[in-house]
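Residue numbers (the working numbering): 452 to 920.
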């Protein structure tokens, strides 16, 4: 629900500019065009029920802009024109403006996919509109254009309703932030509606209207449920349902959903609300995309000897000694063919376009690198890539544990963890001990076949004992 103090007059656009570091996949564009990504969401406008509040989110890629030296760095200047037309082709809104971006180092800009993210806001009557956004880099004359259809719903009904869903890169409580503030929350938009597999969370913001809030109605709360549908409208992931207390007739919906387990592809986020007093229900959907991570995209055939070396590391835990020996003896062309054939043999279902085993393996690899890499300053012995650590190795081979028991360091014992895998070999566990007290856990004992086996491991937990596992 928009606060009245935030709403400007109908003809005044509210422009906010921010910089976000985000690393999604690039789309194919011509060399002389600027990429524009655009999304929008519509909310109820309390000061005037005949209109709704529209927010338009767009982003530009910094690396596509031309930067000229300025007294305090390097600057880019972009001219923008926005036109909104109704279904009859009549112009409803027009806006022209310029934005600038100043950076200290253009090399950093060119080596990343950093975005300029912007939000525009205004009020419109319910209906369908066409939008056209044009951009022009005033330093290079590169231009871009984005067109979209906007549907503005009517919120005048008394029945239970949900606003549109806004997808975000970040969402947190912030009463001081003005640029992206809604209901005391800083909601940093994601105009691309893209998320990287196994990285980050999908943040969302929405509002639910017309909850029954009276002497009887407010005794019962309302439920919210979240799910993800694929392009076939099936339900590959359900995030469950929770009951919330009604703060009034209107309530804010915020959540962070882990979409890391989804395979790369196109999906729909579905938010459902139900008033437990009236029995009314409503739902909204929002399309989004999960992209393969950069490491997974690079996990194909090696283009250089350096890439071939890196791919060999990744095969360490799933290739046999003979396979690795053969790989080492091949030239670059042979290694490319080896990698292709290796993954073909591992594909559990060749009838599908994806190699599910390969995707899952690289997801685990990336997660092991993120979780277990150690970089203790001044302790070179403890600097280690996550995949080389005992915990990283177990995670890559066996996946996420079904349960973890953690025991912190005490006066008499070292810190240790016990990982349970209930569905492997009839149920196994792994014991990891922080031997030196630096947060580097070594595998001390396991009931899994072929792993370290030491039934006397508990005798070595004494904090004064320095035995190596």
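Heads up, the beta-carbon is just placed ideally off N, CA and C, and yes, glycines get one too.
Predicted model only: the values in this text are computed from it and were never measured.
Handout entry: Neighbourhood of residue 524 by C-beta distance below 7 Å, restricted to the same chain and skipping five residues each side
Key = Position 73 of the chain shown, counted from the start, is the residue given in the question as residue 524. Excluding sequence positions up to five before and after residue 524, its CB lies within less than 7 Å of the CB of 553, 554 and 555, all in the same chain and listed in chain order.
Practice task
Determine contact between the region 489–509 and the region 604–621, defined as no fewer than three beta-carbon pairs at a distance below 8 Å.
Solution key: Contact holds: three or more Cβ-Cβ distances are below 8 Å.
Problem - beta strand (DSSP E) runs wholly inside the region 520–599, at least 3 long, in chain order - result: Taking only runs of at least 3 residues, the beta strand (DSSP E) segments lying wholly in the region 520–599 are 524–536, 542–554, 566–575 and 578–588.
Exercise for the section: Please list, in chain order, all residues of the same chain as residue 678 whose beta carbon is under 7 Å from its beta carbon, the five residues on each side excluded. Expected result: Your numbering for residue 678 matches position 227 in the chain shown. Excluding positions up to five away in sequence, the list reads 686, 688, 689, 690 and 721.
Handout entry: CA-to-CA distance, residue 633 to residue 670, given in whole angstroms
Key = Start at 1 with the first residue of the chain shown, and residue 670 comes out as number 219. Start at 1 with the first residue of the chain shown, and residue 633 comes out as number 182. About 27 Å.
Practice task
Identify which residue in 766, 551, 872 and 727 has its Cα closest to the Cα of residue 808.
Solution key: Within the chain shown, residue 808 is the residue found at index 357, counting from 1. Among 766, 551, 872 and 727, the Cα nearest to that of residue 808 is on 766.
Practice task
With a 10 Å radius around its C-beta and 16 neighbouring C-beta atoms as the bar for buried, classify residue 693 as buried or exposed.
Solution key: By one-based count along the chain shown, residue 693 stands at place 242. So residue 693 ends up on the exposed side.
Exercise for the section: Classify residue 896 as buried or exposed, calling it buried when 16 or more other Cβ atoms lie within 10 Å of its own Cβ. Expected result: One-based indexing of the chain shown puts residue 896 at position 445. Under this definition residue 896 is a buried residue.
Problem - Assigned secondary structure, residue 879 (DSSP; H/G/I helix, E/B strand, else coil) - result: By 1-based counting over the chain shown, the position of residue 879 is 428. Of the three classes helix, strand and coil, the one that applies to residue 879 here is strand, per DSSP.
Problem - Through-space distance from residue 822 to residue 405, alpha-carbon basis - result: No statement about residue 405 is possible, as the shown extent of the chain runs from 452 to 920 and does not include it.
Exercise for the section: Evaluate the contact criterion for the region 504–524 versus the region 558–573: three or more CB pairs, one atom per stretch, below 8 Å. Expected result: Segments in contact, yes.
Practice task
Please classify residue 705: does DSSP put it in a helix, a strand, or coil?
Solution key: Sequence index remark: in the chain shown, residue 705 carries index 254 (1-based). If DSSP states are grouped into helix, strand and coil, residue 705 belongs with the strands.
Exercise for the section: Quick one: give me the first and last residue of the beta strand (DSSP E) that residue 717 is part of. Expected result: On the chain shown, position 266 is the one that residue 717 refers to. Annotation for residue 717: the continuous beta strand (DSSP E) segment containing it runs 716–726.
Exercise for the section: Give a yes or no on contact between the region 580–587 and the region 621–630, applying the rule of three or more CB pairs nearer than 8 Å. Expected result: No: the two stretches stay apart, fewer than three of their Cβ pairs being nearer than 8 Å.
Exercise for the section: Evaluate residue 775 with the Cβ neighbour count: other Cβ atoms within 10 Å of its Cβ, from every protein chain shown; 16 or more gives buried, anything less gives exposed. Expected result: Taking the first residue of the chain shown as position 1, residue 775 is located at position 324. Per the 10 Å Cβ criterion, exposed.
Exercise for the section: Starting from residue 893, trace the beta strand (DSSP E) both ways and give me its first and last residue. Expected result: Counting from 1 along the chain shown, the entry for residue 893 is found at position 442. Here the beta strand (DSSP E) through residue 893 covers 892–897.
Problem - Beta-carbon gap between residue 674 and residue 725 smaller than 8 Å - result: Looking up residue 674 in the chain shown gives position 223. Looking up residue 725 in the chain shown gives position 274. Contact: yes.
Problem - Same chain, Cβ closer than 7 Å to residue 900, neighbours up to 5 away in sequence not counted - result: Position 449 of the chain shown, counted from the first residue, corresponds to residue 900. Cβ neighbours of residue 900 beyond the five flanking positions: 876.
Problem - residue 842 beta carbon less than 8 Å from that of residue 892 - result: Looking up residue 892 in the chain shown gives position 441. Looking up residue 842 in the chain shown gives position 391. Judged by their CB atoms, residue 892 and residue 842 are nearer to each other than the 8 Å cut-off.
Practice task
Using three-state DSSP, classify residue 904 as helix, strand or coil.
Solution key: The residue labelled residue 904 in the question sits at position 453 within the chain shown. Looking at residue 904 - three-state DSSP - the assignment turns out to be coil, as it is neither helix nor strand.
Exercise for the section: Output the distance between the C-alpha atoms of residue 702 and residue 641, rounded to the nearest integer angstrom. Expected result: Walking along the chain shown from the start, residue 702 turns up at place 251. Walking along the chain shown from the start, residue 641 turns up at place 190. Inter-residue distance for residue 702 and residue 641 is about 22 Å (C-alpha atoms, whole angstroms).
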